[in-house]
Each structure stands twice: as structure tokens, then as C-alpha cells.
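Numbering (the UniProt record's numbering), first residue to last: 1 to 233. Just so you know, even glycine gets a beta-carbon here, dropped at the ideal spot from N, CA and C.
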């Protein structure tokens, strides 16, 4: 499958009844500090408090009823798990979230509050993936990857659909936080295919959590990386 703007536009039509259209925010002080005009797309005001609601909602709403009846499973450090539990609850299907045992208590509580069931594992990507694979082989649940999934990427890309409708004119750059890469992938596809939104899309991450940069510039996927940052997923 080759993801295109048509998939992202269809995803927005699919999920828009269930999500918030989040605002754009400006700050004169931040503009002054940066020496340029900054526009924030405030998806922290999205359902479950994160843009992950978009991808999870699109994944769930795209699934056939027969597959949904088996329940869904994912691995997550927090926000994708909460988002998938929220979306699964709307379809009245079970949601299992594999989380590292050192996950934030707030994130664990969020998954539980939205109706998900948490299974804990060692805090490595290998441990997450192994537990998910073992569960799927026994229970036949549908695995929804937190970022390496076309329906999730298309859902995350809907933030660009909204952004385009709220802007007046062309941006010089769009700066996108990068964790797994689903958000920047969806935004990049939309920006490239649509044109007239921004001349450049740039991924950003903390200096001490630079697995995406190391992967990109090194040409090798760095999977196991211990981030040293206050930011979590």
C-alpha cells in the first residue's frame, strides 16, 4: 500500500464526528524569543489529551466488525494505549495494552479509565513486541501498532488537514515532534501531496532521546534506546 492524501482525507471524514478540532495558538513572547512567528497546533486539547486519538480512532473505525469482535491489542508507553482504549470502547470491544513496568502511573490510570486492560512487561521494545506476539498467537486479537500502521499514520495525518483549513497562507516550516514517527509520516504525506501548506517538514526530538535522528542519519533503525528526558509517550 502507498499512503496518499486521499487516505488521510478519508480518515478525517471518518473520525471527525468523534474528535475535537483543536485550536491554533499564538504567543507574542515566544515569537520574540524565537525571532519569528510561531503557530502552535494545540492537539494537547484533543480527546485523551493527545494527537494519538486520531490514529487510534481511524484504526478502530476502519476495522470490519468481525475483526473487532476479537478485541484489539497494542503496546504503548501511554498515550496510544489510552487512545486505543477510548476508541475501542466506542465500538464496545476489548482492548489490551502492553506497557513497560516503569510507565507513568498517570498513563496507566488513563488506560484503565478508558476501559483498557494493562499487561506489564520489561521496559524494552523487544519485551513489548514479544508479549504482544504471544498474546495474539493465543487469543487472536487484532494488533494495532502504535505508529507502524497505515491506518494509524493516516489518522495522525488528519492534524494537517485541520491545520490547512485553519491557516491563511504558506508556512515556511512545520516542526513535528518525533517518537515512533507516525505523526510526521502522516503530516509529510499530506504536505507533499497537497502543496501550498509548507515548504519544509522538520522532525524534532530531545538531544538525549535522539533515536530517530540516529536512525535517519545512520541508515540503521535504532530500536533499543534509553531516552533521558522528562517527556514520555
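Q) Which residue from 94, 217, 212 and 17 puts its Cα closest to that of residue 72? A) 94
Q | is_contact[residue 61, chain B] using C-beta, thresh 8 Å | A | The question asks about chain B, but that chain is absent: this structure has only one protein chain.
Q. Among 109, 139 and 102, which residue has its Cα nearest to the Cα of residue 127?
A. 102
(Q) Rounded to whole angstroms, what is the Cα-Cα separation between residue 76 and residue 13? (A) 26 Å
Q | Option in 61, 205 and 80 with minimal Cα separation from residue 92 | A | 61
Q: Run the proximity test for residue 110: is its beta-carbon closer than 7 Å to any non-hydrogen atom belonging to the ligand SAH?
A: Ligands are entirely absent from the displayed structure, and the ligand SAH is therefore not among its contents.
Q) In terms of alpha-carbon separation, which member of 154, 220 and 81 lies closest to residue 146? A) 81
Q | Anticipated Cβ contact below 8 Å, residue 108 with residue 118, distance rounded | A | 6 Å
Q: May I have the straight-line CA-CA distance separating residue 121 from residue 112, to the nearest angstrom?
A: 16 Å
Q.
Which runs of the alpha helix (DSSP H) at least 4 residues long sit entirely within the region 16–98? Give them in chain order.
A. 28–34, 52–62, 65–68 and 79–90
(Q) Which same chain residues end up closer than 7 Å to residue 15 when comparing Cβ atoms and leaving out the 5 residues on each side of it in sequence? (A) 54, 57, 58, 61, 155 and 158
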